[in-house]
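*Asks:* Counting from 832, one number per residue, gives the positions in the sequence shown under the working numbering.
Idealized CB from N, CA, C, for every residue including glycine.
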Amino acid sequence: MINFTVGPVQSSESVLAIGAEQVPYFRTVEFSEMMLENERLIKKFAHTTEDSRVVFMTCSGSGGMEAAIINTLTKSDKALVVNGGSFGQRFVELLTLHEIPFTEIKLEYGKALKPEHLAPYEGKGYTAFLLQKHETSTGVHFDINLVSDFCKRNDCFLIVDTISTFLTDPFDMEALNAGVMITGSQKALACPPGIAVMALAPSALERIEHTKCCCQYLDLKLALKNQERGQTPWTPAVSVLRQINVRLKEIDAVGGDQVEIARAAHLANYFRNKLIEYQLPFEIVSESLSNAVTPLHPTTQSAYEIFLKLKDEYGIWICPNGGDMKDKIFRVGHLGCLTEADYDKLIAAFLELRGKKFI
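Below you can see the structure in the form of structure tokens.
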């Protein structure tokens, strides 16, 4: 099997080896030291301030999204949220559920965020801004600098979902003045799912301190207190946290986040150039691409049928979409332990399907 989805993705042999071991007891000095090392390396790769903090929540990235909202926002806030796909819609649903006043900036699938989208909200008293840096469902990489500048001018607290773009595209949390960064274990960290990673700037820590969280399990006060000693308030996904440690040290050993980002960019460009070289019948549907994903609209066949054909007959996984995008868009990821040779096999499968007049 070759996995070109956007998560879970292919893991390195060292990460896989940890998953094969017995799960150790975790209320130990050794586990605490590992967790503090995890925090240090996440801060390094996210380019946080020294006084920022990191917590590791046993949940999916969506749990991290909800934790950010219920720990830092209240009914006295006035939020802006960009909705450009399935995950922007998830932010909208969470804000609605927790009764946080908000205005939705609704974008058509595949469309970039532009200055004219933000202009109507200048000086209108907004206190928070929620954004997917990369809308994974459509492959649109939003202009985080545009949003950061808006937030700085308007004194908005910035919550950024970097779940599919952390370690594939540049992200400097301090320079952007972001309050919260959310990512997940199963994307570019290339570990199994189960851990949401949250980097918290001092602005977030202050909000957390003065916000009453409505959920005990997702209470970041408890998570922060326990992380001071390298622990978690509840039983965590121990093996995944150990795998994250191995993966972070792998990245650090080869040069850090910039090298990892360059690797993803190389694979993305290699694949996209092959599409052009062989004139495959797919259209890239994003106005603004991330290194993480190439979103494609097939012009001759249902996207979902192509996904099934590759899975069932070639042992290749691309990433399907759901809802009204099911037959329109599939995505090819550039995350995890992939090589040029893997993409050559995917291109060969596409060419064979074209020869059979399937695409």
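Assuming L1020 contacts I1039 (C-beta within less than 8 Å), just tell me the rounded distance between them.
*Replies:* Not confirmed; about 24 Å, so no contact.
*Asks:* So, helix, strand or coil for F792, using DSSP?
*Replies:* Nothing about residue 792 can be read from this structure; the chain reaches only from 832 to 1190.
*Asks:* With V1028 as the anchor, note down where its beta strand (DSSP E) starts and where it stops.
*Replies:* Note, V1028: beta strand (DSSP E), 1026-1031.
*Asks:* Taking DSSP as the reference, what is the three-state secondary structure of C1150?
*Replies:* Strand at C1150.
*Asks:* Cα-Cα, which of E1144, L1120, I1149 is closest to A1134?
*Replies:* With distances taken between Cα atoms, A1134 lies closest to I1149.
*Asks:* Can you tell me whether DSSP reads L998 as helix, strand or coil?
*Replies:* Of the three classes helix, strand and coil, the one that applies to L998 here is coil, per DSSP.
*Asks:* Between H878, K909, A851, I901, which has its C-alpha nearest Y1048's C-alpha?
*Replies:* Cα-wise, what sits closest to Y1048 is I901.
*Asks:* G970 and V1116: beta carbons closer than 8 Å?
*Replies:* Yes. Within cutoff.
*Asks:* Return yes when the Cβ of I1160 is within less than 8 Å of the Cβ of P1126, no when it is not.
*Replies:* It is a contact, given that the beta carbons lie within the stated cut-off.
*Asks:* In terms of residues, what are the limits of the alpha helix (DSSP H) holding D1083?
*Replies:* It spans 1069-1084 - the alpha helix (DSSP H) in which D1083 sits, taken as one unbroken run.
*Asks:* Quick check: what's the CA-CA separation for H948 versus N1008?
*Replies:* The alpha-carbon atoms of H948 and N1008 are separated by roughly 21 Å.
*Asks:* From L938 to I994, what distance separates their C-alpha atoms?
*Replies:* One C-alpha to the other measures close to 20 Å.
*Asks:* Would you kindly check if the distance between the Cβ of K955 and the Cβ of P932 is under 8 Å?
*Replies:* No; because the gap between Cβ atoms is not below 8 Å, this pair is not in contact.
*Asks:* Could you tell me the boundaries of the beta strand (DSSP E) in which T934 lies?
*Replies:* Here the beta strand (DSSP E) through T934 covers 933-937.
*Asks:* Quick one: grab the DSSP three-state call for D908.
*Replies:* Here D908 sits in coil by DSSP.
*Asks:* Compute the distance between the beta-carbons of H965 and T934, then report whether it is under 8 Å.
*Replies:* The answer is no: Cβ separation not under 8 Å.
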